[in-house]
Amino acid sequence: MQDLLAQIDAQRERLGFMTVRELLDVYGSGNFIPDPFSVLVSHGVTIGSANILYPNVILETQHGGVISIGSENILYPGTLLLADQGVITIGDDNLLGDGGVRIKATLSTAAITIRSHGRYMNGANILGTCNLESGTQVLGPITVENCTLRA
Numbered sequence: 000m001q002d003l004l005a006q007i008d009a010q011r012e013r014l015g016f017m018t019v020r021e022l023l024d025v026y027g028s029g030n031f032i033p034d035p036f037s038v039l040v041s042h043g044v045t046i047g048s049a050n051i052l053y054p055n056v057i058l059e060t061q062h063g064g065v066i067s068i069g070s071e072n073i074l075y076p077g078t079l080l081l082a083d084q085g086v087i088t089i090g091d092d093n094l095l096g097d098g099g100v101r102i103k104a105t106l107s108t109a110a111i112t113i114r115s116h117g118r119y120m121n122g123a124n125i126l127g128t129c130n131l132e133s134g135t136q137v138l139g140p141i142t143v144e145n146c147t148l149r150a
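The following block contains the structure:
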C-alpha cells in the first residue's frame, strides 16, 4: 500500500500538486475533504477553515498565479480554479460547483474576486477580470468574462 501511495504522490508532485499527506496535514484538520485522493491542490494555495472540498475539485496555480479561499465554502465535484499568472480570491460561504464551475485567471492582469454568500454553478465559466460582489449568482451554462456583478 505504501508503494501505491508513493506512486500517486509522485504523479501529483510532478504536476505541482500537494501529496495526499500534505493535503491532509495542511487543510484536513480545519476543512472537510472526504476523498483526498481525487482533490488536487497546488502548493501555495491558501484555504480558510470549515470548507468542504468534494471529490474532483482542482485548485491549480501556475506561473506565479495565486488562489486564496476564505471559510465555510462548499466546492462541489467538478469545480476548477486555475490561476495561471492571475489571481483568484474567494470570500466566505459560497457554493461553487454543483454541476461544475470553471474559474480561470489566465493572464497576469486577470484578477477574479468573488465576495461572500454567492452561488456559482451548473457549468458556469468565470474568466478574465471579474468582481462578483456578495450575494451574486452565476447559474447555468453561461460564461462571464471581464465583468462586475453588484450585490
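What the sequence shown shows, in numbering that gives the first Met the number 0, is residues 0 to 150, in sequence order.
Glycine included, every Cβ here is placed at the ideal spot set by N, Cα and C.
Taking 8 Å as the cut-off, the beta carbon of A109 is found closer than this to the beta carbon of G85. Taking a contact as a CB-CB distance under 8 Å, the pair L126 and E144 counts as one, their CB atoms being some 4 Å apart.
Counting along the chain, the unbroken beta strand (DSSP E) around L81 starts and ends at T78 to D83. With a cutoff of 8 Å on beta-carbon distance, I51 and I66 are scored as not near each other. In terms of CA proximity to N93, R118 leads the group C146, R118, H62 and L4. The beta strand (DSSP E) runs lying completely inside the segment 83-123 and spanning 3 residues or more are 86-89, 94-96, 100-104, 110-113 and 118-120, given in chain order. For the segment 4-84, the continuous beta strand (DSSP E) assignments of 3+ residues that do not extend past its boundaries occur at 57-61, 65-68 and 78-83, in sequence order. The beta carbons of L148 and T128 sit no closer together than 8 Å. When beta bridges are read from the DSSP output, I125 appears opposite I102 and V143.
Per DSSP, Q1 has no beta bridge partner at all.
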